[in-house]
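Going down the list, the sequences are from chains A and B.
Under the working numbering, the residues of the first sequence are numbered 3 to 117, in order.
Under the working numbering, the residues of the second sequence are numbered 2 to 115, in order.
A virtual CB, placed ideally from N, CA and C, is assigned to each residue, including glycine.
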Amino acid sequence: AQSVTQLDSQVPVFEEAPVELRCNYSSSVSVYLFWYVQYPNQGLQLLLKYLSGSTLVKGINGFEAEFNKSQTSFHLRKPSVHISDTAEYFCAVSDSGGGADGLTFGKGTHLIIQP
Amino acid sequence: DTEVTQTPKHLVMGMTNKKSLKCEQHMGHRAMYWYKQKAKKPPELMFVYSYEKLSINESVPSRFSPECPNSSLLNLHLHALQPEDSALYLCASSQVGQGAPEQFFGPGTRLTVL
Chain A
3 AQSVTQLDSQ VPVFEEAPVE LRCNYSSSVS VYLFWYVQYP NQGLQLLLKY
53 LSGSTLVKGI NGFEAEFNKS QTSFHLRKPS VHISDTAEYF CAVSDSGGGA
103 DGLTFGKGTH LIIQP
Chain B
2 DTEVTQTPKH LVMGMTNKKS LKCEQHMGHR AMYWYKQKAK KPPELMFVYS
52 YEKLSINESV PSRFSPECPN SSLLNLHLHA LQPEDSALYL CASSQVGQGA
102 PEQFFGPGTR LTVL
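Dropping the structure here:
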């Protein structure tokens, strides 16, 4: 069984400031890790993914995340946020076994950008 | 084409109605998924189809009936729903295998059950 913990339900940040959204996971098997963003009344858009290899992964819209196996973490960062980054961010995990596997999501972090 | 489309965008139905949600993708993906998302909650997996066969059913009530008529289409048939079934229903698709497991999501159908 897998689980994902996003401890921060809401993160307020001033525009142009850096931000980090935290994600920790638990799994008994190897996993793939993802960050998705959801804007109001929309579906989910993939920001970035970790499958294997380099632990620092870069995604769209200037976001990056670092996989830390020893700490079972996959924190999302952006050096300078914009008002348009206001959205809900979900960390997710899936089994890396190769079959079609559903995603297990964290509870989400609402990023609020203040002008 | 990297898009997953869902129809309708909004649906209001009574508890005695029968309706269907539709999902379509033309990315050649052989896995398709239904998720349910309540307000201010994460998506929860309902069903997974792999190569047009139902591979995962997360103990979903029988008033939800999925169907995958071909590799591009996924339906969710609804019958005798309850008000607590009101939610955003998201469809997703992905490749099968270890190469590219990310799921592509549609915009969702917002369902209201009266």
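When only Cα atoms are considered, A:Q47 and B:P70 end up about 26 Å apart.
Beta-bridge pairing by DSSP links B:K54 to B:S51. Below the 8 Å Cβ cutoff, chain B contributes K42 and P43 as neighbours of A:K109, in chain order. A:Q116 and A:V21 have their C-alpha atoms spaced approximately 12 Å apart. For B:L12, no chain A residue has a Cβ inside 7 Å of its Cβ, as the nearest lies near 14 Å away.
Think of a sphere of 7 Å around the beta carbon of A:Y34: the chain B residues whose beta carbon falls inside it are P102, in chain order. In the displayed model, B:E85 falls within a helix according to three-state DSSP. Look at A:Q12: its C-beta is not under 8 Å from any C-beta on chain B.
If you check the CB distance, B:V97 and B:R31 come in under 8 Å.
DSSP places B:V97 outside any beta strand (DSSP E), giving it a letter other than H or E.
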